[in-house]
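Here the sequence shown is numbered in our numbering, starting from 20 and rising by one per residue. Have a look at the structure below before the remarks.
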Amino acid sequence: MVKKGTQVYHMQMDEMIIFYPEQQQVLEESFEYYITEMKIITLHFWLFLIAVSIMSFSLCYCIQISKDRKKKCENKNDLKRISEQLEQFKKGNYRLVPSLISMESHNNKTNEWMKIEDLLRELGYYFTTLREQLDREENGTKSLITDISHQLKTPLSSLRMSHELAQEAELTHEERRQFLLMEEQEINKLEILLEELVHLSRLENHMIEIKPELSGIKKTLSEAINQVYMKAYSKDIKIQIDIKNDVNVKHDPKWTVEAISNVLDNAIKYSNAGSCVSIGVHKLPNLVMIDIEDEGMGIPTEELHRIFQRFYRGKSASSQVKEGAGIGLYLTRKIIDEQGGMIVAKRKLHNGTIFRITLPI
């Protein structure tokens with residue numbers, strides 16, 4: 020640009036010298052002065068441009084250093100918060116520490132930090148759930164050990180007493196036979212109890228797998244009746260079943276037979292001789308309903324919600340019938356629940372109880 024301006028000014032000066040030859044020296048001096056000033060201005064311009072560039076670069080460099088330093092400081096604080104959170108996890112406190120929660124209000128929180136925060140929160144929830152589950156299992160184990168000890172204590176005490184009495188020399192043959200019979204009865208109770216405990220343990224630890232299949236409920240009910248028929252026959256108790264048409268239900272026949280036979284056994288156990296146990300089957304749009312009705316002693320209203328608890332036996336039931344450990348109905352509920360069904364009990368208007376089992380079709 021300077022070179023072009025010099026050429027234009029040189030042409031103008033030549034023209035003026037032609038018209039004013041006497042002013043040639045003055046014009047040439049002016050031209051030299053102009054060239055010198057233009058060079059100085061150009062030099063100043065480039066120096067200014069270089070200075071601005073250096074200042075801009077220095078400013079950008081300082082800003083970048085400041086950002087890097089701030090980022091390192093933030094990373095250090097983030098690592099400190101993560102360390103604090105992990106220390107809390109180590110101590111058993113699975114809530115997020117306050118310094119970690121306060122970061123939620125920061126608008127400049129990075130995606131990486133948000134991911135880490137979410138992972139820590141999920142880890143805290145997982146540890147909390149795991150601890151609650153372990154506490155429940157520990158309490159359940161303690162309760163189970165206590166219940167089993169209590170259930171084994173009575174038959175073992177009876178066995179010891181009968182055995183000691185049977186050793187007395189002055190007993191007659193008939194008395195000794197009676198004591199041996201009592202021992203046999205207590206041994207049978209222990210065998211039944213242990214068998215139910217094995218089923219209970221396997222079911223609760225998912226060692227027994229429920230495998231539903233589509234099959235008729237009539238066959239399942241017939242097999243359940245066959246398992247308790249001789250017990251009902253010995254007490255002169257009739258078992259009646261009312262089912263018009265067979266219903267195909269997706270269920271595990273083997274374990275459903277076990278569940279229903281437990282209910283039937285319970286009904287026969289607490290019914291008087293010469294009474295009747297009725298089974299009614301009703302098909303609804305989405306489920307099949309099985310009602311098992313007896314004419315026994317009935318269950319007090321305040322105990323209806325407790326009879327499905329493990330090892331629970333009502334006061335009147337325990338005093339009337341010594342046989343039983345309070346596991347059968349608990350197993351029944353577990354088996355029915357595993358298949359998406361439900362079992363409830365209700366007291367009849369007069370004597371007796373109705374057990375209602377529902378299974379999804």
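Each residue gets a CB set at the ideal place from its N, CA and C atoms; glycine is no exception. These numbers were taken from a predicted model, which means no experiment stands behind them.
| query | result |
| --- | --- |
| Jot down the residue ranges of each uninterrupted beta strand (DSSP E) in the stretch 241 to 324, minimum 3 residues, whole runs only, in chain order. | 257 to 261, 267 to 270, 295 to 302, 306 to 312 |
| State yes or no: is the C-beta of tyrosine 144 nearer than 8 Å to some heavy atom of the ligand GDP? | Ligands are entirely absent from the displayed structure, and the ligand GDP is therefore not among its contents. |
| To which residues of the same chain is histidine 270 closer than 6 Å at the C-beta, ignoring the five residues directly before and after it? | Pro231, Gln358, Leu378 |
| Pick out whichever of Asn264, Ile279, Glu205, Glu215 has its Cα sitting closest to the Cα of leucine 240. | Ile279 |
| Glycine 111: buried (16+ other C-beta within 10 angstroms of its C-beta) or exposed? | exposed |
| Is the CB of alanine 364 under 9 Å away from at least one CB in chain B? | The displayed structure is made up of one protein chain only, and chain B is not part of it. |
| Sort Glu56, Asp310, Trp274 by Cα distance to isoleucine 262 and report the nearest one. | Asp310 |
| So who's on the other strand from methionine 57, going by DSSP bridges? | The partner list for methionine 57 (beta bridge, DSSP) is empty, contrary to what the question assumes. |
| Excluding sequence positions up to five away, which residues of its chain have a Cβ less than 8 Å from the Cβ of phenylalanine 108? | Leu142, Gly143, Phe146 |
| When DSSP builds the beta bridges, which residues end up paired with glycine 347? | Answer is none; glycine 347 lacks a bridge partner. |
| So, are the CB atoms of isoleucine 236 and valine 247 less than 9 Å apart? | no |
| For the beta strand (DSSP E) that contains phenylalanine 378, what are its first and last residues? | One detail in the question is off: residue 378 reads as leucine in this sequence, not phenylalanine. Its beta strand (DSSP E) spans residues 372 to 379. |
| Terminal residues of the continuous beta strand (DSSP E) containing glutamate 228? | First-last for glutamate 228: undefined, no H or E at that position. |
| Straight-line CA distance for leucine 66 to serine 75? | 14 Å |
| Over the uninterrupted beta strand (DSSP E) stretch that includes isoleucine 362, give me the two end residues. | 361 to 366 |
| Whole angstroms is fine: what's the gap from tyrosine 80's alpha carbon to lysine 86's? | 10 Å |
| Assign asparagine 264 to buried or exposed, taking buried as 16 or more other Cβ atoms, counted over all protein chains shown, within 10 Å of its Cβ. | exposed |
| Can the beta-carbon of asparagine 281 be found closer than 9 Å to that of glycine 315? | no |
| To the nearest angstrom, how far is it from the Cα of histidine 324 to the Cα of valine 268? | 27 Å |
| So if DSSP puts glycine 235 in a beta bridge, which residue, or which two residues, is it bridged to? | Asn267 |
| Quick one: what's got a C-beta closer than 7 Å to threonine 351's C-beta in the same chain, skipping five residues either side? | Ala278, Asn281, Val282, Ile362 |
| Reducing DSSP to helix, strand and coil, say where arginine 329 ends up. | coil |
| Can the beta-carbon of glutamate 205 be found closer than 9 Å to that of leucine 175? | yes |
| By DSSP, does arginine 114 sit in helix, in strand, or in coil? | coil |
| Determine the closest residue to serine 181 out of His192, Met201, Thr191, Thr173, with distance taken between C-alpha atoms. | Met201 |
| Applying the criterion that 16 or more other CB atoms from any shown protein chain within 10 Å of the CB defines a buried residue, is lysine 382 buried or exposed? | Beyond the ends of the chain as shown, which are 20 and 380, falls residue 382; an answer cannot be given. |
| Does DSSP put glutamine 152 in a helix, in a strand, or in coil? | helix |
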